[in-house]
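Numbering (the numbering used here), first residue to last: 6 to 358.
Below is one structure; the comments refer to it alone.
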Ligand SMILES: [Zn+2]
């Protein structure tokens, strides 16, 4: 037994198992292999607290031999035959039951395997365009379409992984399972960490990168880099089509907000901003991204801060009004009056807003 590497397996398991970004409700599993022995997380064991001595030991050669066997075509019979063979593949004296995904772990020749179901990964594996995007941003990965778990899944993965090897000459270290999760494989836990960091970084830049992209475009169109993105369930539910709540909100945030969709094209955004300015006579200070959040803008840091706080107040007023029969903004006449009211614009000028 290689205690040092088993301790590294424990460390890796506890690290990812204890992080809700990777593992929820005891899901996921890990393994280590050396010579003919596979150490895999036991069924029902928690990754967050597993110890080096808790892993179930199996003969890899016995697991490999299972692929030569012919199992029943009847699903129930087949899965119980497979389970019986998996139990029989354990080292003598082993009493624990290995993870149902043991066969998958054994498919990888790499020493360490981490299998998890992170929401960032599953955003892609459960996305309509997930397969195409995976091929684009992870060209060295293998994708397996959704199928029944257990033996069938392992068998499809086995064929896909050997196809990859035949095509590229190397072993895949990244396997995406549609509607399920991901397998990472490497010969050291450091390499697993590097792979995980790379994958999560790329996925997060797809998931969160739009804010930088859209915000940057808006800043260029509005001519100011003083920008902030704010979001909350209240902002996502906020309906900007209603008129302003009080004169102060108009003075600092203007009477109208620009509303756009997250995936607006650069061209459509440009004309939306131009139309807004020509319709209203000013640039938007608040740009609502429908159902998501909002960008707030200022000509300097101080104005940005004021616009942000007053906008957040508007959202609060809007959601608080629910407890008083629902939101009722100012009348159109009153809004027009405030917009044109010299005193108010003077007040804004004096206070630097
Ligand atoms: Zn799984």
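Yeah, the Cβ is synthetic: ideal placement off N, Cα and C, and Gly gets one too.
For residue j and residue i, the rounded distance between their alpha carbons
i: residue 170; j: residue 164; result: 10 angstroms
i: residue 15; j: residue 57; result: 5 angstroms
i: residue 64; j: residue 37; result: 12 angstroms
i: residue 135; j: residue 332; result: 40 angstroms
i: residue 203; j: residue 286; result: 46 angstroms
i: residue 162; j: residue 214; result: 31 angstroms
i: residue 210; j: residue 235; result: 18 angstroms
i: residue 227; j: residue 288; result: 7 angstroms
i: residue 180; j: residue 51; result: 22 angstroms
i: residue 339; j: residue 249; result: 10 angstroms
i: residue 10; j: residue 129; result: 32 angstroms
i: residue 251; j: residue 151; result: 53 angstroms
i: residue 330; j: residue 30; result: 40 angstroms
i: residue 159; j: residue 219; result: 42 angstroms
i: residue 318; j: residue 303; result: 17 angstroms
i: residue 40; j: residue 110; result: 14 angstroms
i: residue 241; j: residue 221; result: 21 angstroms
i: residue 70; j: residue 93; result: 12 angstroms
i: residue 87; j: residue 72; result: 10 angstroms
i: residue 177; j: residue 277; result: 46 angstroms
i: residue 375; j: residue 346; result: This structure does not reach residue 375, given that the chain is present from 6 up to 358, and the question cannot be answered.
i: residue 205; j: residue 274; result: 29 angstroms
i: residue 133; j: residue 25; result: 25 angstroms
i: residue 85; j: residue 270; result: 53 angstroms
i: residue 166; j: residue 83; result: 23 angstroms
i: residue 201; j: residue 305; result: 39 angstroms
i: residue 137; j: residue 212; result: 16 angstroms
i: residue 27; j: residue 53; result: 11 angstroms
i: residue 337; j: residue 237; result: 28 angstroms
i: residue 139; j: residue 95; result: 35 angstroms
Check: residue i C-beta below 7 angstroms from any heavy atom of ligand 1
i: residue 80; result: no
i: residue 58; result: no
i: residue 106; result: yes
i: residue 185; result: yes
i: residue 110; result: no
i: residue 122; result: yes
Contact check, residue i vs residue j, beta carbons under 8 angstroms
i: residue 291; j: residue 267; result: no
i: residue 207; j: residue 142; result: yes
i: residue 411; j: residue 328; result: One cannot answer for residue 411 here, as it falls past the ends of the chain, which runs 6 to 358.
i: residue 254; j: residue 315; result: yes
i: residue 123; j: residue 45; result: no
i: residue 48; j: residue 105; result: yes
i: residue 121; j: residue 23; result: no
i: residue 183; j: residue 149; result: yes
i: residue 126; j: residue 239; result: no
i: residue 307; j: residue 233; result: no
i: residue 334; j: residue 281; result: no
i: residue 13; j: residue 194; result: yes
Reference residue i; option with closest CA among the options
i: residue 89; options: 174, 78 and 67; result: 67
i: residue 112; options: 133, 168 and 128; result: 168
i: residue 309; options: 239, 345, 251 and 229; result: 229
i: residue 97; options: 34, 61 and 127; result: 61
i: residue 33; options: 150, 41, 17 and 273; result: 17
i: residue 245; options: 323, 93, 197 and 237; result: 323
i: residue 261; options: 284, 184 and 93; result: 284
i: residue 344; options: 257, 321 and 277; result: 257
i: residue 156; options: 148, 271, 76 and 93; result: 76
i: residue 243; options: 326, 276 and 127; result: 326
i: residue 43; options: 79, 53 and 108; result: 108
i: residue 198; options: 7, 19 and 8; result: 19
i: residue 100; options: 78, 80, 59 and 74; result: 59
i: residue 55; options: 73, 21 and 86; result: 21
i: residue 80; options: 25, 26 and 153; result: 153
i: residue 173; options: 194, 145 and 270; result: 145
i: residue 311; options: 7, 259, 270 and 272; result: 259
i: residue 225; options: 200, 212 and 279; result: 279
Neighbour flag for residue i against chain B, beta carbons, 8 angstroms
i: residue 68; result: Although the question refers to chain B, the structure presented lacks it and comprises just one protein chain.
Check: residue i C-beta below 7 angstroms from any heavy atom of ligand 2
i: residue 164; result: This structure lacks ligand 2; its bound ligands are ligand 1.
Exercise. Quick one: any contact between the segment 117–125 and the segment 189–197, if contact means 3 or more CB pairs under 8 angstroms?
Worked result: Yes, since at least three Cβ pairs between the segment 117–125 and the segment 189–197 fall closer than 8 angstroms, the two stretches touch.
Exercise. If we count Cβ pairs, one from each stretch, closer than 8 angstroms, do we get three or more for the segment 295–305 versus the segment 262–282?
Worked result: Contact between the segment 295–305 and the segment 262–282 is present, because at least three Cβ pairs lie under 8 angstroms.
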